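Counting from 0, one number per residue, gives the positions in the sequence shown under numbering that gives the first Met the number 0.
A virtual CB, placed ideally from N, CA and C, is assigned to each residue, including glycine.
Computed from a predicted structure; not experimentally measured.
All remarks here apply to the structure that follows.
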Amino acid sequence: MSYAGALLASIWLALIIILYVRSGWWSVEGIVKTILPVVLVGYAPVFLYALPRLRGLRRSVPDQETLIRTAHPMLIIPNYAAALASGIAAYHTVFSQPTLPSLLETLGILLLFLLVLVVPSLFVFRRYQAIREGTFTASPAWKRLLKFALAGATTAVVAIAILAVQAWTDYRTSILPEASGMMNHERIDTGGGAPAMMLGHQARHNHTGMVAVAALTGDLSAPVDIQYELVAQKRQITLASGAKVEAWTYNGEVAPQLRARQGENVEVKLINRDIDKGVTIHWHGYNVPNAMDGVPGMTQNVVRPGESFTYRFRAEQEGTYWFHSHQQAAEQVRNGLFGSFIVEPQEETANSDEEVILINHNWTTDRGEKTAFGDQDLMQRKQIMPGKTVKLRLINANNQSQKYMLLGSDYSITSIDGTPVRQPDSLSGQTAFRLAAGGRYDVSFTMPDHPVQFKLGETIDLEGPGILFYTNSLPNRPSFQAATGLFDPSEYGEPAVNEVTAATEFDKEFRMILGNRMGFYNGEFHFLWTVNGEVYPHTPTFVVKEGETIKTTFINKSLSEHPMHLHGHHMTVLKKNGKRVKTPWVTDTLNVEPDESYEVAFLADNPGMWMDHCHILEHAAVGMVLHLMYDNVMPSYEAGMRSGNLPE
C-alpha cells in the first residue's frame, strides 16, 4: 500500500510538472498553492519514514517485538494521510478547482486535512498502546470489520461537521442583496494601468468628470429611418412536427426578423403584454450606445407588463446579429424571446442569389425536447437552380456549441459574428464547423447540379432539422459523404487588421480564469461556474479608460466549454494556448474549451458599463458574470429583487 501510494503521488506530481511546462504557471497556480501543501504533508512521511522502515522489516522474525515495530503509528498513519490527501486532491480537481486562492483558503484546506486525520490516528494510537502493553489480542474478522466501520463512520462525522459549518457560512454569504448598484463590487481590477477616475475620492463624492449610464444614449436627435414594434407575449406555437410549445414570443412569432441598412437610424419599441417578471432587448454582438444595450439594472429598468421602452441607435455595423431578452435570460431566451437582426451593407452588393436565415434553438414541447431551426424541427426542402449562390445566415441561440455540416458542395465562411472574413478560403463538403452559443456564421456556396444538404449534428441521414437543397426534382434518397474535418478560424482567410493586431504592448491587461466548484448561489446549492474562483457579485470588475488598448486572457480550467461574450465591443483573437494564431479573427462570442487559453484584445471605444459573461445562460445565472466599466461612468439603475431588475 505504501508503494502504491508513493507511485500515485509520483505520477500526480509528474502530471503537474508536465502541465506547468506545457501551459505555464497559470495552469498550476491554484494547485500549487492549495493542493500541493496537503499532498506534501500527506505523502512526505510515507517517503521519509514509512517506506524506509517497512523495507527494513521485510525479513524480520514475526515475534512480539516485530509486531510492536510494525504497529508503530508512524508506519500506519502516513498511509491514512496519503489516502486522505489523494481524496482531497481528487475532489478539488473535479468539483472545486482552486484558481487564485488566498492564504486563508490554503490554511483552511490544510486544517481540514489535519482535523479529519485525528479520528483514525486515535484508533491507531490506541491499538499500538495495547500491543506494547501486551493486552492486544487479534479479534475475529467481523469484529475487526466493525471497528474499521466505526472508525470510518466517526471520521465521516467529523468531516461532515466541518463541511457543514463551511456550507452554512457559504450559504449565508451567497444570498444576493435586495438591491445593489453595479459599482458596488469589492474587487476592482485596473489591469495594471493607472488608477481609475472612479476610484478617486473627489470623483466618488462629487461626481466630477463622471457621466451616468442613462446619458449614454447616442444621438437621439437624428431622424429615424426605420421603425419596428415588438410585443412580448405568451403564445402557443406549433413546430413543423406538430409538437406544441408554450412559448414566450415577440409579436407572437418564432424568431422575428428585423432588417436595416448600414448607416440607418433604427428605432425599436418594445411593449410587454404579459411577461410577468418583465423583459428587455439586448442586441447581441451589436455595439450600440450603452443606454441601449438592454441589460436590466445596468443600462435600463426592466419593462414590466403594460410598459414600453424605445431603443434607438444607428446601424453602423453590417452583418448577421440577433436580439434577445436579458432579464432572467436563461429562462426567457429558452422560452423563445429572441429574433434575428440583419444589417445590409451600405452599398448594394449582389453576392448571393438566395438568402436563408437559420436560428438554431432547443424547445421544450409536449413531445419532449426538440431541436429546430426556428419552428422547423424536420428536414426542409428547398429548390435552387444550378449556379445560383446561396447565403446561409446561421445563428446559434442554443446554450451549447453546435456542430453543423454542409454536404455535397464546397463552401466558404464569409463572416464570423457579423465581421466579414478577409479573403475567405474554399472549404470542402467534408469539413464540418462548430458554432459557439450565441455565435453567428455566414456560409456561402454555389449550387451544383446535384443535391446539397445542410444539417445539424454528426449523421448524414435526412432526419432532424436541416435543409435539403435540390435542383430540378426532389430526390428520393440522396447520398452524401460524412464530414471528416473541422473548421478552424485561426487558420482561415487573411488575418484581420485593426488597432490591436500589430500591438506588442497594451494599456491594460486582464486575466479571466474559468473554473467550477460545488457551492451555494443565492441560497440554493448548485454546481457553480466561476471567474477567478468567484461568482458574481464577488467576481472582479475590470476598469478601463476610453481610447485604451485592452488585452484579456481567457483560461479555462473547468469541465465545460464557455462561450465568453463581451457586450459593446468586438474582440480580436491573437493567441491560442500561448501561441500566436496564424490568422487573427474578430469575434464577440469566443468559445473556450476545457484546458484552452486565448489572448484577445480590443480598443476601449464605447464608454459605459458592460457585461462580460458566459453565454451558456445557465452558467451566467449562477454567477459566471463580471463587468467592464469605463472609469468615468457611474450607474443610473440598481439590480436585485427590490427593483425587479434581474440580469443574467
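Residue pairing from DSSP places F372 in a beta bridge opposite N359 and Q375. Excluding its 5 nearest sequence neighbours in each direction, F541 has C-beta neighbours in its own chain below 6 Å: D188, F509 and L627, listed in chain order. Just so you know, the alpha carbons of V580 and Q316 end up roughly 25 Å apart. T470 is positioned such that its CB atom lies closer than 8 Å to that of D448. Under DSSP, E595 forms no beta bridge with any residue.
Around the beta carbon of E64, a 10 Å sphere encloses fewer than 16 other beta carbons of the protein chains shown; the residue is thus reported as exposed. Going by beta carbons, S179 and P562 fall outside the 8 Å limit. Where K556 is concerned, there is no enclosing alpha helix (DSSP H), because DSSP gives it neither an H nor an E. Fewer than three Cβ pairs drawn from the region 117-127 and the region 165-175 lie within less than 8 Å of each other, which leaves the two stretches out of contact. The distance from the Cβ of Q399 to that of R260 is about 33 Å, inconsistent with a contact at the 8 Å cut-off. When the Cα atoms are used, V265 and F308 turn out to be separated by approximately 14 Å. Excluding the 5 residues flanking it on each side, L219 has same chain C-beta neighbours closer than 8 Å at R311, in chain order. Using a C-beta cut-off of 8 Å, the region 379-399 makes contact with the region 610-617, since at least three inter-stretch Cβ pairs fall below that distance.
Around the beta carbon of A80, 16 or more other beta carbons sit within 10 angstroms, so the residue counts as buried. Between A70 and L53, the alpha-carbon positions lie close to 11 Å from each other.
Between the region 564-573 and the region 590-600, the count of C-beta pairs closer than 8 Å reaches three or more; the two stretches touch.
When the Cα atoms are used, I415 and G492 turn out to be separated by approximately 12 Å. Fewer than three Cβ pairs drawn from the region 370-383 and the region 277-292 lie within less than 8 Å of each other, which leaves the two stretches out of contact. Three or more Cβ pairs closer than 8 Å define a contact, and the region 582-593 meets that threshold against the region 545-561. For V621, no alpha helix (DSSP H) segment is defined, and its DSSP state is neither H nor E. In the assembly as shown, M0 is an exposed residue. Its beta-carbon has fewer than 16 other beta-carbons within 10 Å.
About 4 Å separates the beta carbons of S95 and R516, which is inside the 8 Å limit, making them a contact pair. Taking 8 Å as the cut-off, the beta carbon of I466 is found no closer than this to the beta carbon of F479. Here DSSP, grouped into helix, strand and coil, assigns A436 to coil. For W141, the enclosing alpha helix (DSSP H) covers residues A140 to S173. In this structure, F526 is the residue among F526, L645 and N289 with its C-alpha nearest to the C-alpha of V93.
In the DSSP assignment, E330 falls within the alpha helix (DSSP H) that extends over A328 to N334.
At a Cβ-Cβ threshold of 8 Å, L391 and V442 count as neighbours. Residue environment analysis places M297 among the buried positions, since at least 16 neighbouring C-beta atoms fall within 10 angstroms of its C-beta. For the region 234-308, the continuous beta strand (DSSP E) assignments of 3+ residues that do not extend past its boundaries occur at 243-249, 256-260, 264-271 and 281-283, in sequence order. Secondary structure at E545: coil, using DSSP grouped into helix, strand and coil. Distance from the Cα of T538 is smallest, within the candidate group G622, K578 and P606, for G622. Spatial neighbours of P176 in its own chain (CB-CB distance under 7 Å, excluding positions within 5 residues in sequence) are listed in chain order as G639.
Residue environment analysis places E132 among the exposed positions, since fewer than 16 neighbouring C-beta atoms fall within 10 angstroms of its C-beta.
Sequence-distant Cβ neighbours of S324 in its own chain, meaning closer than 6 Å and more than five residues away, are V278, T279, Q331 and L336. In the three-state scheme derived from DSSP, where H, G and I count as helix and E and B as strand, L573 is classed as strand.
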